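Residue numbers (my numbering), protein chains in the order written: chain A, 21 to 291; chain B, 21 to 291; chain C, 13 to 330; chain D, 43 to 528; chain E, 338 to 787.
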Amino acid sequence: MNMLTDAAVEETLQPLYKPAASKMTGKDVTVHYGEKQALFGVNLEVPEKQVMALIGPSGCGKSTFLRCLNRMNDTIDICRVGGSILLDGEDIYDPRIDVVELRARVGMVFQKPNPFPKSIYENVAYGPRIHGLAWKKSEFDEVVETSLQKAGLFNEVKDRLHEPGTGLSGGQQQRLCIARAIAVSPEVILMDEPCSALDPIATAKVEELIDELRQNYTIVIVTHSMQQAARVSQRTAMFHLGNLVEEGPTEKMFTNPDDKRTQDYITGRFG
Amino acid sequence: MNMLTDAAVEETLQPLYKPAASKMTGKDVTVHYGEKQALFGVNLEVPEKQVMALIGPSGCGKSTFLRCLNRMNDTIDICRVGGSILLDGEDIYDPRIDVVELRARVGMVFQKPNPFPKSIYENVAYGPRIHGLAWKKSEFDEVVETSLQKAGLFNEVKDRLHEPGTGLSGGQQQRLCIARAIAVSPEVILMDEPCSALDPIATAKVEELIDELRQNYTIVIVTHSMQQAARVSQRTAMFHLGNLVEEGPTEKMFTNPDDKRTQDYITGRFG
Amino acid sequence: RDQVQIAGSSTVLPYASIVAEAFGENTDYPTPVVESGGSGAGRKKLCEGVGENTIDIANSSSRIKQSDIDLCAQNGVKDIQEVRIGYDGIVFASDINGPEYAFTPADWHNALAAKVLKDGQLVDNPYKKWNEIRADLPDQEILAFIPGTKHGTREVFDEKVIIDGCEENGTAEALKAAGLEEKECMALRTDGVSIDIDGDYTETLARVDANKNGIGVFGLSFYQNNTDKLRVGTMGGVVPSVETIAAGEYPVSRPLYFYVKNAHLDVIPGLQEYVEFFVSDEIAGPDGPLAAYGLVSDPELAKTQEKVKNRVPMGALN
Amino acid sequence: MTPGILAIIVLVLTAAGYVLGRRRALALAKRDGARLHSLPGHYGQAVALFTMVPALLLMAAWLFLQPLLIDNQISSQIPDSVIPEGGARSLVMADVRRIADGLDRLVETGRVSEDALSSMQADTTDIRGRLAEVGVALGSDVAPAVFDAAKSYRSIADTSALLRNIAVLATALAFGFLALQRVKPAMRARNISETFIRSLLIGSSLVAILTTFGIVASLLFETIHFFRLYPARDFFFSTVWNPQFRGGSDLGILPLLWGTFYVSVVALLLAVPIGLMIAIYLAEYSGRALRSFAKPAIEILAGIPTIVYGLFALITVGPFLRDWLAQPLGLGTSSSSVLTAGLVMGIMLIPFVSSLSDDVINAVPQAMRDGSYGLGATQSETIRKVIMPAALPGIVGAILLAASRAIGETMIVVMGAGAAARLGLNPLEAMTTVTVKIVSQLTGDTEFASPETLVAFALGLTLFVFTLGLNILALYIVRKYREQYE
Amino acid sequence: MTDLTASSALAGAQGRSLFERGERTRRRHAAEKRFRMIGLAAVVFGILALFGLLGSILTNGVSSFRQTYVALDIHLDPAKLDKAGTRDPEALRKLTTFTYQPLIKAAVDRLISEKGISIEGLGGKDAEGIISKEAPAELRRFVLADPSKIGETVRFELLADGRIDGYYKGRVTMETAKLDRNVTPEQLMLADALKAEGALTTRFNWSFFTAPDASDTRPEAAGLGVAILGSAYMMLIVLCLSLPIGVAASIYLEEFAPRNRLTDIIEVNIANLAAVPSIVFGILGLAVFINYAGLPQSAPIVGGLVLTLMTLPTIIIATRAALKAVPPSIREAALGVGASKMQSIFHHVLPLAAPGILTGTIIGLAQALGETAPLLLIGMVAFVREFPAAPPGGFFDPASALPVQVYNWTQRGDPAFIERASGAIIVLLVFLIIMNLGAIFLRRRFERRW
Ligand SMILES: Nc1ncnc2c1ncn2[C@@H]1O[C@H](COP(=O)(O)OP(=O)(O)OP(=O)(O)O)[C@@H](O)[C@H]1O
Ligand SMILES: Nc1ncnc2c1ncn2[C@@H]1O[C@H](COP(=O)(O)OP(=O)(O)OP(=O)(O)O)[C@@H](O)[C@H]1O
Ligand SMILES: [Mg+2]
Ligand SMILES: [Mg+2]
Ligand SMILES: O=P([O-])([O-])[O-]
């Protein structure tokens, strides 16, 4: 509890540049998929109540690192994770750790929208239901509505809450998935290119939402859009070929990176 | 054949602004999904050997219209298409039309990457094989390599051509799908947010490729990125709630749109 | 088609297959194919018509019925020989370690009928133990495994044991007096004391094995193969055996038959020879393998041999 | 030339058509530099199909019609006088055919020359004896008129066969040639072969329909016969099943239907939960090693002959349940019971549920699981709340299949549940099912034309209609609750 | 309210150490563990049931793979076999097996006296009774094959009688022999004595797999040869017909057929066929294939066709479920590059559906392989001793089948047949496993998640 207050104090004092207390810490994280090594000793601190962006070329291991943070990689048989990752100072790969509780605290939104084959309402109510966050019908209605609203989807679907979530367009589906993640109010939200299927208006809404969520939550977002990274994140980490190239305040990364590769990647950017 | 030359001449004379001869034409296209109407009488000409971008907020019917252009909507039982769509002056919804031949001439890349659960090589070689575009192993090798190269994927996968395409990262998968579409050398290529899962470098490659392909092919691309639309397309069409709001040269659309909604959408943009 | 085809009764099957096997190894003809599938089905097949893809012989554990003969006539199967091959004894046996039983048909009727005469009254069957029926029967619970209604054996059981018993112990008269039909004699109790077996004797044996106080109804030949597991009960004081049945002392038995399609005799190679072989003394005689296996040899075998040689078709049913 | 050889020749022509068609397409493509509409193989297939299909269709039609026409013609030659009393013309015709067939064989085996045959007379030769030499069975001696009819039958059949061969081969060649001429790059060869494949697919799905027709037809006739002998009201509404040899049987279906239902429900109550849990465990929890061992191993359960289960029920489970359940609870002393048969049958049904469900569960995309885990769901929550609903239609299919098997099972019920038809609630009492009685009445010792045997057909048809109703219900339920992923 | 839910979540999980578990989480984990345990228990139950059944089959049946033989020097006495001394094959053919029985009796008696065995109470017919009733037939075959051997003394390895064989397998004991009508304790003692002398041996029983069935009096000679061939023929027919037809029908119904009343009818209809008792398929087979189409009785072709019809619904149902499970995106991908619907199905959908199809095939074939009831009506539940010819002609010859052999043997009186029935079940299961191994191997190759 001490750490929490400390972090909060620190952040209000120095909103940018100086790293806030770290919510999650990766130490020498290595990942193998079978024979193939996907991450090579990554050391990264995720600051609390800030947005951290992970950038880098396709296939460099951003998603892999992200999935390590809530142990989603556990579901891939051939995936082996080395090193350690701490959440509030506790190693989440400790055998005594409860993955379920971990994932309730570290939520995730995926790259490909994956709504459940259920109604829109049930998609959102699913998390609160399994975590026991709501009991009565009215509570569920409430949490479903707020979550959908936060994800900027409510108006579009309010008349068809009980139709299947899979009948939505791609963008709508992804926003539904975000709503679903928000509904369990996690501490950390991991987002793997959450906006890659969204139009600018929806993207703006989500970005606004991310900014809003930052008040209470720690957010790690993988993105291909430098603009997005610049807009929403306080810190940025650059990956390349499974290595963490460089990490720092977003502003600095985009204006004055230390590493040649970051420089190249960023200036090689378009629009 | 006449039309073709005419179009080519026209294009060299007036590369932009003035619409080229139209390769595909939608007349009063309406689409229903069961009860729900998704397109309301869209009239749109797709100019030959140019890139046309379809923009608009999520769920407005961009994908739906795109799928009408090569009758991919036939596969959805509840989908009914009205009006007519012409390819080189022939109605592609004419019952005498061979859908397969149509789709060989009008290729498609989808929003969600969907590689076949086969090897990378087989993914790309599949199209040429069924269309009889290659016969010998060497010819297949050739077409696979060039297609992968054009899609900017070859270097990353050249050592694992015979591993499954589904083992690639999201971005790699999508590029594989683009390579697969290119491999059959269609006349028109439809792309549904082909870059939504790509990083900037890969995106740049694809955009370059699109620009290159424009020399020989007609391209229709759905995108959420105004920048991308501006960068790659010669003409842009703006959809809203199932209606075609406005269509025109990209430059004009982005600087001086006729319609208030286009204006709003474009200025509401970020980055 | 070059082999004789036979179908019908599963009771006759063991005997027919013993003969078929011997026929195959002692002649140049191929071994006949013997199907089982029930007497009724066998006779139906026999009467399906004349020709290569119909069978030549139907085994039957009961006499052919008029409806079968009509069907035959309708399908152009005119001349049929009836060949009686011997008698099948039906025995009552219990677990080898259990007590001895000396039955009479009357005991069986008292044990299994739905309504019995007790102290001059027609009552729903009250007996639970054998010694309640007759004091010199063992002190054992009544539990009988009798053939299901699909079996020809059941018909014999009904006729020669239950109905005879019904008359013996006076129930029949009482029923008649009460204005009920004789059929009521055969109504068996349904409280789980009498258990129908739709399977075969191996199933009955397994049930007796699992219920040591149970009494099963078996064919004589089956019993003879399992004398180490079963103790046979006497009926009217007679121990069932090939000899006592042949002598007509043991009451519960029935004749077994097969029916031959005369039209096939000259055209199916080996058919006439098989028929003659079957009824020859070496096979069906009292010292032949069939008798050794438990078939009660027909005292009128010579007559049958004569008829078979002359291909005498059967006359009308009497 | 027999039809078999003719068919082989047509097939050879077909193969030739394929090669030529393919070669021609390739040659055209090279010469014109034109892009072929389809792959060269498709052109080959198209030519092959044109060669084969019309010819074979013609042949089939000919083979079907020829006997009818010839019969008609010959039949009119036969005077009424040779038709025996009470017999039918069709029987005599059967004899004619048999004789003609026998004469063919006589000639084939070289016993009689064609010339000798034409001079052969029924009143001078022992036709019956001669035919017996070649193994053709005749019911009686041959009347001269019948023999003459047989001879003209032969000659007409010969001519007809010759015509047939010519016609079929001409068709094959003509169509093949025409098709070959039509091979052009623009020819939609693939569509032709795909249309053909499609009609094959349709044909295959008709097999199921035809089977149903066949079943209904082969049951219906005897069922009608049965209802002429036995009142339908008693059959459907009587609660007593008690067949007798001497007639006067009670043949009420209700106790049998009840037994069928009861045993199946008990079996499914065991098989469905266990089967589903196995499927879930193997698909979601177990390692590859266990799974690749356990799945086929459990499938063996479906392959063990039911008689083994029957013996198991009879010898082990039955007495066990009697001694440990029925007698202590005072529920009876029967070693065969609904529970015995149900439990043992349940074991047999496990793989029907587990294997099919496992495949369906396995097919649910990983993204569904990821989505759920990402929200902090435990594995079991994911399975119960996300995967099962997604896999529901397939699972219902698997359960239906298991239920179907339960209804149709015989051996286990005979040995496990006994043969007593009874309407009761006590699961520890013996009961029996419709299927068991179908088998026992059909293979019994009763005469065929009696209601006691014919009832088997009525039982079969009733069960058929009954399960049809259940299936319609199931389809309706699946439609209502199906959830589609992606 | 938003804050409320948020804070309740906070109270629930946030800020607490990951090592502490909330009450609800504990319950959820308990549920998880229970669920998993139930799953494991189900698997264990399934496997135990299998092992239990297999174990009982094996313990009852393996003994049928061994058989007891007696080595006898038999003098082929010309005085008995060929009084005329012409060695005329025609004349020899007329001699029945009954003529050969005395030769065996003589040989056994001589063996006993040579070895100096004396057993008290050994009856007159007891000694020859330890030899199978199959033996005279064997001698007759031998002599007919080579009449010149008459007059010589030839060593034969003859089958011992079933009860003697049973004695060495524990089925028969001295105790039961006392009660048993078919064997005496003295015969068992004689067998023991012969065994001690090495004249009687128990060894592997090849003829169990190659010999045809034998009648009720000679269980020791009964084999599975005809049944194995018959089953193999039928399975060949079933596989070749039901797999293509079933898959084709499923493809049509799942991919091409318009969704309408008619396809609903077909769908219900197929599901219903699966519920039709197998004996009804026998009725159908009898009516259609034998009575209408005129195919022969007892022939594998008819059995194969009937079992095909019976297996089809299973395969169709499984295949349709598998096709349904293939994600639409795969079909779209293929269509998008210009594949025809037919190509997209045959190139992409079918391979992905293969595991499910193979499962259906495995279950369907397993069922077909073990089925007896329909064969009852088409004449295959029969005593057949002649081997069917090689296919395709052999498809039309009478044959038996493995489950039929099991069914027949379990009905016979002599308990030796029970052991043989279990042996036949083992063979059937091996047959099944061999048949399925291919399918299982293929299934593993095709199985993947996407
Ligand atoms: N399940 C898997 N099995 C094997 N290799 C994998 C798997 N998932 C990812 N990889 C490999 O690991 C490397 C890192 O993949 P990752 O998905 O983390 O990249 P990424 O940075 O997220 O790329 P993108 O921006 O395209 O999503 C890639 O080379 C990829 O091919
Ligand atoms: N298969 C379908 N069944 C029913 N409705 C559908 C289906 N596909 C799309 N729709 C509906 O049609 C409308 C247009 O969808 P479409 O996918 O064309 O939108 P879009 O412009 O491509 O959106 P996005 O940018 O999110 O992909 C949406 O309201 C959507 O919900
Ligand atoms: Mg990624
Ligand atoms: Mg879209
Ligand atoms: O089979 P059976 O007719 O003798 O009962």
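Just so you know, even glycine gets a beta-carbon here, dropped at the ideal spot from N, CA and C. In this text, all values refer to a predicted model and were calculated from it rather than measured experimentally.
- With a beta-carbon spacing of about 25 Å, Ile588 of chain E and Leu706 of chain E fall beyond the 8 Å limit used to define contacts.
- A Cβ-Cβ separation of about 5 Å places Gly81 of chain A in contact with Gly262 of chain A under the 8 Å criterion.
- Taken in chain order, the complete alpha helix (DSSP H) segments of 4 or more residues contained in the region 416-499 of chain E are 426-431, 434-452, 463-466 and 472-482.
- With fewer than 16 other CB atoms across the displayed protein chains lying within 10 angstroms of its CB, Phe106 of chain D is exposed.
- In terms of beta-carbon proximity, Leu78 of chain D lines the interface with chain B, with at least one pair separated by less than 9 Å.
- For Ala190 of chain C, the three-state secondary structure derived from DSSP is coil.
- For Thr167 of chain D, the three-state secondary structure derived from DSSP is coil.
- Gly185 of chain A is a Cβ neighbour of Lys138 of chain A, given a cutoff of 9 Å.
- Closest in alpha carbon position to Ser446 of chain D, among D:Ala339, D:Lys427 and D:Gly511, is D:Gly511.
- Cα atoms of Glu255 of chain C and Asp293 of chain C: separation of roughly 17 Å, rounded to the nearest angstrom.
- At least one heavy atom of ligand 2 is found less than 8 Å from the C-beta of Phe259 of chain B.
- Proximity to ligand 5 was defined by a C-beta distance below 5 Å to any of its heavy atoms, and the residues meeting it, in sequence along the chain, are C:Ser21, C:Ser22, C:Thr23, C:Gly50, C:Ser51, C:Ser73, C:His163, C:Gly164 and D:Asp487.
- In the structure shown, the three-state DSSP call for Arg100 of chain B is strand.
- The C-alpha of Leu243 of chain D is placed about 20 Å away from the C-alpha of Thr93 of chain D.
- For the pair Glu471 of chain E and Leu495 of chain E, the CB atoms are nearer than the 9 Å cut-off.
- For Lys132 of chain B, the secondary structure class from DSSP, reduced to helix, strand or coil, is coil.
- Remark: C-beta atoms of Cys59 of chain C and Leu83 of chain C approach each other more closely than 9 Å.
- With the rule of 3 Cβ pairs closer than 8 Å, the region 212-229 of chain C does not count as touching the region 61-78 of chain C.
- Taking a Cβ-Cβ cut-off of 9 Å, Pro633 of chain E has no neighbours in chain D, whose nearest Cβ is about 13 Å from it.
- Sequence-distant partners of Ala461 of chain D (beyond 5 residues in either direction) whose C-beta falls short of 6 Å from its own C-beta, in its chain, are Thr474.
- Here Met647 of chain E is buried: its Cβ has 16 or more other Cβ atoms, across all protein chains shown, within 10 Å.
- Tyr141 of chain B has its Cβ no nearer than 8 Å to any heavy atom of ligand 1.
- Contact of Asp412 of chain D with chain A is assigned, a C-beta pair being separated by under 9 Å.
- Annotation for Leu181 of chain A indicates a beta carbon at 8 Å or more from all heavy atoms of ligand 2.
- Among the residues of the region 207-233 of chain D, those with a Cβ less than 8 Å away from any Cβ of chain B are Arg230, Arg232 and Asn233, in the order of the chain.
- Residue state for Tyr41 of chain C is assigned as coil, using DSSP reduced to three classes.
- Within the region 112-156 of chain B, the complete alpha helix (DSSP H) runs of at least 4 residues fall at 119-125 and 140-151.
- Identification of chain E residues near Glu47 of chain C by a Cβ-Cβ cut-off of 7 Å yields Ser635, Gly716, Val718 and Ala719, ordered along the chain.
- DSSP places Lys172 of chain C within a helical segment (H, G or I) once states are collapsed to three.
- Taking 8 Å as the upper bound for CB-CB distance, Ile198 of chain B and Val129 of chain B are in contact here, some 5 Å apart.
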